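Enquirer: Before I ask anything, let me first share the structure, which is written out below as structure tokens.
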Amino acid sequence: MDRRKFLSVLPAGIAAPHALAATAPPAACDDRPNFLFMIADDLTYRAIHSINNREVHTPNFDRLAASGSVFTHCFHQGSWSGAVCVPSRTMLNTGLTAFRAQQHDEDVQTWGQSMGAAGYDTYICGKWHLSPPLLGRSFRELGPIGPAMLISTPEKGMAYNRPSPGNTWRPDDESQRGQWLSAALWRSAAPDRIEHSCSVYADVASDFLTKQLAHRDKPFFMYVGFNSPHDPRQSPKEFLDLYPQDQIEIPPNYLPEHPFDQGDARVRDEMLAPFPRTKEAVQLHRREYYALISYLDAQIGRILAALEQSGRASNTYVILTADHGLAVGEHGLMGKQNLYDCSVRMPLLISGPGIQPGRAVDELVYQHSMFATTCELAGAPIPSTVEFPSLAPLLHSDKALHDAVFCRYIGYQRSVRTKRHKLIVYPKAHQVQLFDLEQDSWETQNLADDSGHAEVKRDLWARLLAFQKELGDPLVLGQI
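With this note's numbering, the residue at position 339 of the sequence shown is 339, and numbering never jumps.
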């Protein structure tokens, strides 16, 4: 990987200030809250030790969960691409809903742009994965901006498609590149010095907090994007050693193969493990997934320590989330190109001034509401183009914002989910699934043909059609 590939969006360093069209910043802004936003890639909601998974080690995520609000039912609104992270991040950074974001992402004021216009120092490092023009007008200061994907070697044939005969790829082998980067790509260092992408982003984020902010009076909005735990799921051996492969639990909804082609059945993510899926393959992939989550957790711990060192922690909202989840062996699937909860649901932890520690918020929310939420908490104008509502009221009350949420995947899948039920429609595969999530949280019992659930099915179908009309979805679903 050469320097141009690593810094594929814009070069590292400080970007020139951009002229942003918006309200002038207020004269006195030093007492307004700061925002540290951290977003992982492929981090499913069921991956935090203290919340819902005793198998994974996440002491820093646990500390964040204990210090603030945990949104237990946070979702993304879907994708027009197999690269689900692009639509999710587009909705996050524009505030536009699933179909308008696909068409009008370059036409609106972005999240970072809005915070900058309100008088905030805006800074980003890590994964962006949207267009350079959007990046250029969203943030005034740029750390290293990595590529959308970190490809391990050899690229041809995807060496980390495992287990397979003769495949000796190892996640702790620093010569395999991918997450293992030459330090010389982003700072003055010996060419043979290798650092993990998580460590790179934690280094520069910590440096911004402890050094660059030292003599500034303005509040900051900081966006840290990690490529992890997206594959190649590489981490140091000490983290892999936390998870002996033969002790990894097989999820209750494990299947050798998905029962039908849900659309993109052989998309790239699904080719990371052989067919049919064996329990050995699921254990191997989940071991490496958990190890990388634990390594990510450790690097986020370094950033949180730097925030404390900066002296600004007491007046900073810390937000930790992900762009979407991942199956990693659930339902016979490996990727996120599906509408099961493992893939459409992600963690959302928010701590900061005035937030009650250890509070669980069980209301249905969209992750893309972070734009409006931070604007409201900052006392900044929310652009009229933002369609996802602020979650600020939910930080202090249990008032519901949504009685159901919608999700899409290209033209292959549509879903509507309430707190209790989920309907998934596969118009091309001519399949329908209905789940009672209170009784079946792993989504294993399809009730679509159960006469006792016919009324629930009709109600969810009507809600789905209403969502399609409201959001501008042109897909014709047919009949159920």
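Ideal Cβ positions, reconstructed from N, Cα and C, are used throughout, including at glycine.
Source: prediction; values computed, not measured.
At least one CB of chain D closer than 8 Å to the CB of ALA462: is that the case?
Expert: The chain inventory of the structure shown lacks chain D, comprising one protein chain alone.
Enquirer: Measure the Cβ-Cβ separation of ARG312 and ASN34 and say whether it is below 8 Å.
Expert: yes
Enquirer: Give a yes or no on contact between the segment 244 to 259 and the segment 64 to 73, applying the rule of three or more CB pairs nearer than 8 Å.
Expert: no
Enquirer: Quick one: residues in its chain with C-beta nearer than 6 Å to the C-beta of CYS74, no 5 flanking neighbours on either side, listed in chain order?
Expert: MET346, LEU348, VAL365 and GLN367
Enquirer: Going by CA-CA distance only, name the one from CYS125, LYS399 and MET334 that's closest to PHE37.
Expert: CYS125
Enquirer: Kindly indicate the opening and closing residues of the beta strand (DSSP E) around VAL144.
Expert: Looking at the sequence shown, residue 144 is not Val but Pro. Start and end: 141 to 146.
Enquirer: Spell out a yes or no on whether the segment 387 to 405 and the segment 134 to 144 are touching, meaning 3 or more CB-CB pairs, one atom from each, closer than 8 Å.
Expert: Between the segment 387 to 405 and the segment 134 to 144, the count of Cβ pairs shorter than 8 Å is below three; the stretches do not touch.
Enquirer: Could you pull the start and end residues of the beta strand (DSSP E) that MET271 belongs to?
Expert: Segment: none, MET271 is in no beta strand (DSSP E) and carries neither H nor E.
Enquirer: When the Cα atoms are used, what is the spatial distance from PRO427 to VAL328?
Expert: 25 Å
Enquirer: Just the Cα atoms here: how many angstroms apart are ARG286 and PRO165?
Expert: 19 Å
Enquirer: Could you name each continuous alpha helix (DSSP H) segment of 4 residues or more that falls completely within the segment 394 to 455, going from the start of the chain to the end?
Expert: List check, alpha helix (DSSP H) in window: nothing returned.
Enquirer: Can you name the residues that DSSP bridges to LYS211?
Expert: Paired residue(s): none; LYS211 is not in a bridge.
Enquirer: Would you check if the segment 114 to 129 and the segment 215 to 235 touch, i.e. whether three or more CB-CB distances between them fall below 8 Å?
Expert: Taking a cut-off of 8 Å for Cβ pairs, the segment 215 to 235 and the segment 114 to 129 touch, as three or more such pairs fall below it.
Enquirer: In or out: HIS230 buried (at least 16 other Cβ within 10 Å) or exposed?
Expert: For HIS230, the number of other beta carbons within 10 angstroms of its own is at least 16, and it is reported as buried.
Enquirer: Would you report the Cα separation of ASN161 and ASP449, rounded to the nearest angstrom?
Expert: 37 Å
Enquirer: Which one or two residues does DSSP pair with PHE371 in a beta bridge?
Expert: Per DSSP, none; premise fails for PHE371.
Enquirer: Among the candidates ILE382, ASP440, MET222 and LYS422, whose CA atom is the shortest distance from the CA of LYS457?
Expert: LYS422
Enquirer: Going by Cα to Cα distance, which pick from HIS196, SER188, ALA184 and PRO163 is closest to ASP173?
Expert: HIS196
Enquirer: Going by the DSSP bridge assignment, what does LEU348 pair with across the sheet?
Expert: Looking at the DSSP output, LEU348 shares a beta bridge with THR321.
Enquirer: Let me check one thing: in DSSP terms, what residues is PHE221 bridge-paired to?
Expert: PHE35 and THR122
Enquirer: Can you list, in chain order, the residues of its chain with a C-beta nearer than 6 Å to that of VAL425? Leave out the 5 residues immediately preceding and following it.
Expert: Counting only Cβ-Cβ distances below 6 Å, and skipping sequence neighbours, we find ARG414, VAL432 and LEU477.
Enquirer: Note down, one range per segment and in chain order, each alpha helix (DSSP H) of at least 4 residues found wholly within the segment 36 to 109.
Expert: 49 to 52, 59 to 67, 85 to 94 and 100 to 104
Enquirer: Would you call ALA65 buried or exposed, if buried means 16 or more other Cβ atoms sit within 10 Å of its Cβ?
Expert: buried
Enquirer: Would you mind working out which of VAL56, GLY358, TYR201 and GLY352 sits nearest PRO147, comparing C-alpha positions?
Expert: TYR201
Enquirer: What residue from ALA372, ASP341, PRO357 and GLN479 has the CA that sits closest to VAL416's CA?
Expert: ASP341
Enquirer: If you draw a straight line from the alpha carbon of THR373 to that of LEU391, how long is it in whole angstroms?
Expert: 5 Å
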